[in-house]
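Under this note's numbering, think of the first position of the sequence shown as 11, with each following residue one higher. C-beta: ideal position from N, C-alpha, C; glycine also.
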Amino acid sequence: MKKRAVGFIAAGTAVVLVLVLGGGVAAELIIREKVEARVGTAVACAVGGEPSAVTTTVKGFPVATQAARGTLDDVTVKTSVAGRSMTIDMRDLSTNTGNIHASSASADVVVPWSSLPKVGGADAESTSGGAAVTAQSFSGSGSRITGVFAVSGRQVSVVFALAHTATAITLTAESIGVGGLELPTSSLDSSRFPALDKLADPRSISPKLPTGSTIKDVHGTSNGLRISVDLDLDRMAGTQRTTSAGTLSECASSSTAK
């Protein structure tokens, strides 16, 4: 019989109470370990992450008391989704229902620089205004990032401003640097420099985020774009997102049964 996604976390109020009353510190450590493992597995499944590579921290003491009442005060889960690290923070996480529910849930997702879309498509080499564009890379911090391109063998840098809607991220070019000169994009003559004009085109990124995510902030970091989102856990659980292990329930059951 398949276990429900999160309902098994407390593993029975009676068992928890016995451990709390008779086991002291040892019982607390055992319960903490089991609760963190099962919460981490269920949440990783819900966001489409990898349950076998997850780190969970249930804050506050004792965890046994929180589990017994069916609500965890403050939980952080770190997992990986499609090669992108995700840190999820949840408050008042319910452990006694079949679905994952919290009073609030947010996450930080880091999209590696290498995952940003290339000019002309996903290939490392493309064409821009008749000129070959190769060796594309991105870096930066804060609200502006820099893309470095090789256009027909010449290095060109483009400074992009970051903006976002609830579901997408936009990169808008502000300036282009070539040959030691930096020019505002407004001064480019597209008829004379079609390749540079193409590089300056705004580009939209639709990051692969869990269902029910709302983008709240985006900025550059040393590892890539950090996207801060609010999560709708009820909606995520309702979609029964699938992973390599199957549905949410199957994923949680198969992982915790090992």
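Buried or exposed: residue i, going by 16 or more other Cβ atoms within 10 Å of its Cβ?
i: valine 35; result: exposed
i: leucine 39; result: exposed
i: proline 217; result: buried
i: alanine 178; result: exposed
i: glycine 93; result: exposed
i: isoleucine 237; result: buried
Considering only residues of the same chain and omitting the five flanking positions on each side of residue i, which have a CB-CB separation below 8 Å?
i: glycine 50; result: Pro61, Val64, Thr65, Thr66, Val87 and Thr89
i: alanine 176; result: Thr224 and Ile225
i: glycine 189; result: Arg164
i: proline 212; result: Thr180, Leu181, Thr182 and Ala183
i: leucine 198; result: Ile186, Leu206, Asp207 and Ala210
Grab me the residues of residue i's own chain with a C-beta within less than 7 Å of its C-beta, minus the 5 sequence neighbours each way, in chain order.
i: aspartate 84; result: Lys69, Gly70 and Arg101
i: glycine 150; result: Thr156 and Gly230
i: arginine 245; result: Thr221 and Gly222
Which partner residues does residue i have in the DSSP bridge list?
i: lysine 69; result: Asp84
i: leucine 181; result: Leu172 and Arg213
i: histidine 111; result: Bridge partners of histidine 111: none, in fact.
i: glutamate 192; result: Gly187
i: valine 45; result: Valine 45 pairs with nothing; no bridge assigned.
i: serine 151; result: Arg154
i: aspartate 118; result: Thr97 and Ser238
i: valine 91; result: Arg94
i: leucine 103; result: Leu82
i: glycine 230; result: Gly152 and Leu235
i: threonine 224; result: Asp240
Once the 5 residues before and after residue i are set aside, which same chain residues still bring their CB inside 6 Å of it?
i: aspartate 242; result: Gly222
i: serine 147; result: Val158
i: leucine 172; result: Ser153 and Val228
i: alanine 54; result: Pro61, Val64 and Thr89
i: glycine 234; result: Val120, Val121, Pro122 and Trp123
i: aspartate 133; result: Model confidence at aspartate 133 stands at a pLDDT of 38, short of 50, so the residue's coordinates are unreliable and nothing is read from them.
i: histidine 174; result: Ile225 and Val228
i: leucine 126; result: Phe148
i: serine 95; result: Val120
i: glutamate 269; result: Outside the modelled stretch of the chain, which goes from 11 to 268, sits residue 269, for which no answer is possible.
i: isoleucine 215; result: Ile179
i: leucine 103; result: Leu82, Val85 and Ala112
i: lysine 44; result: none
Rounded to the nearest angstrom, how far is the Cβ of residue i from that of residue j, given a contact under 8 Å?
i: valine 73; j: arginine 42; result: 4 Å
i: isoleucine 110; j: alanine 52; result: 6 Å
i: serine 185; j: valine 169; result: 5 Å
i: valine 239; j: serine 114; result: Not really, about 12 Å apart at Cβ, beyond 8 Å.
With a threshold of 8 Å between beta-carbons, can residue i be considered close to chain B, or not?
i: leucine 103; result: Any reference to chain B falls outside this structure, which holds one protein chain only.
For the structure I just gave you, are there three or more beta carbon pairs, one from the segment 205-214 and one from the segment 230-243, closer than 8 Å? The segment 205-214 vs the segment 230-243: no contact.
At a cut of 8 Å, does the segment 178-196 reach the segment 88-103 through at least three beta carbon pairs? No, they do not touch.
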